[in-house]
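Numbering (this note's numbering), first residue to last: 6 to 225.
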């Protein structure tokens, strides 16, 4: 993606978060990067299309953060879940404007989806959200199978975990001069809380903050 488009999406994410979808006009978004209204329409035919593009970029950021963890055969399910929760919390804070757009919900997307192109974009957004949630369900199922995680409804468990972590976008406010360690501390505590909420009693005495590796030669 050209840098001008990335800058445009950054500006749109900030505008949608600051003003809300209804009040974040194309003019406001264009002024954020010193561009013209026409240059915005050159890349995106409507505000709704731009909104979907911001949401899709947020989901790409999220998926890229999680796939290396999910595919790490050396991590136990318990360690995977902890690392995923930690990474999710960090991403929520590191790309705050993008993530706040995603939590505005599919309901808003449906209300602004009017053209065939916008409806197709909505379908893609929903598919990406489902794929992301499925990563957590996959690890939860694996953890239940090996006895590290409690036998729970995986769909409900994943929604609960993601719901609690997504709430970071509501209350988190970066402070001037804030060090990365401040975000790391927040993410570490939230990941620990999320993980212990589904851990099997017999595994609760372990340290979920330490990556747990399977013995050499054990399959994932």
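Backbone N, C-alpha and C fix where the C-beta goes; we use that ideal spot for every residue, glycine too.
Out of 62, 86 and 61, the CA that lies nearest to the CA of residue 73 is found in 86.
Secondary structure note for residue 23: its alpha helix (DSSP H) is the uninterrupted segment 8–24. The closest CA to that of residue 205, considering only 173, 6, 192 and 147, is found on 147. DSSP places residue 203 in the coil class of the three-state scheme, outside both helix and strand.
Minimum Cα-Cα distance from residue 123 among the listed residues 203, 24 and 58 corresponds to 58.
A direct Cα-Cα distance of roughly 37 Å separates residue 179 from residue 156.
The Cβ atoms of residue 134 and residue 64 sit closer than 8 Å to each other. Contact fails between the segment 124–132 and the segment 157–169, because fewer than three Cβ pairs, one in each stretch, are under 8 Å apart. Each residue's CA atom was taken as its position, placing residue 198 and residue 192 some 10 Å apart.
With distances taken between CA atoms, residue 119 lies nearest to 54 out of 8, 176 and 54. 56 is the residue among 151, 154, 48 and 56 whose C-alpha sits nearest the C-alpha of residue 102. Distances from the alpha-carbon of residue 67 to those of 39, 98 and 37 put 98 closest. In the three-state reduction of the DSSP assignment, residue 154 falls in the strand class, which pools E and B. Minimum Cα-Cα distance from residue 117 among the listed residues 27, 13, 165 and 164 corresponds to 27. Exclusion of the five residues before and after residue 52 leaves 31 as the residues of its chain whose Cβ lies within less than 7 Å of its Cβ. Shown here for residue 42: same chain residues with a beta carbon closer than 7 Å to its own, the five before and five after excluded, namely 31, 32 and 35 in chain order.
Only buried fits residue 13, as 16 or more other CB atoms lie within 10 angstroms of its CB.
Under the criterion of beta carbons closer than 8 Å, residue 22 and residue 106 qualify as touching, at roughly 6 Å. Annotated three-state conformation of residue 172 is coil, per DSSP.
Ranking 60, 84 and 47 by CA distance to the CA of residue 151 puts 84 first. Per DSSP, reduced to three states, the secondary structure at residue 121 is helical.
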